[in-house]
Amino acid sequence: MRFRVSGMSCEGCAQAVTRAIRKAAPDAKVDIDLASGEVTVDGRVAECAVAAAIQKAGYTNEGRLD
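Mapping the sequence shown onto full-length UniProt numbering, position 30 (from 1) lands on 30, and the numbers just tick up by one.
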């Protein structure tokens, strides 16, 4: 699943979001495109868990893209 996330501007931001998502889903594959603000998560994890992890990391989930 893909999400649009605002507020990420550097590799440190990407790492913070990745860590937060992996806390909710340790086996998830997380890919972040800073230029577009897209976060792609592959694995067995609920959409609401990913959204909560993004928010907990301090960023804004603007919605699911797919």
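Positions of the beta carbon are idealized from the N, C-alpha and C atoms, including for glycine.
Remember, it's a predicted structure, so these values are computed and weren't measured experimentally.
I'd like to know whether the C-beta atoms of residue i and residue j end up nearer to each other than 8 angstroms.
i   : j   : result
T40 : R2  : yes
I54 : A28 : no
A25 : R44 : yes
E62 : V5  : yes
A14 : L34 : yes
E47 : R64 : yes
#### Entry: 3 or more residues per run - each beta strand (DSSP E) lying fully within the UniProt domain "HMA" (1-62)
You should have 2-6, 29-33, 38-42.
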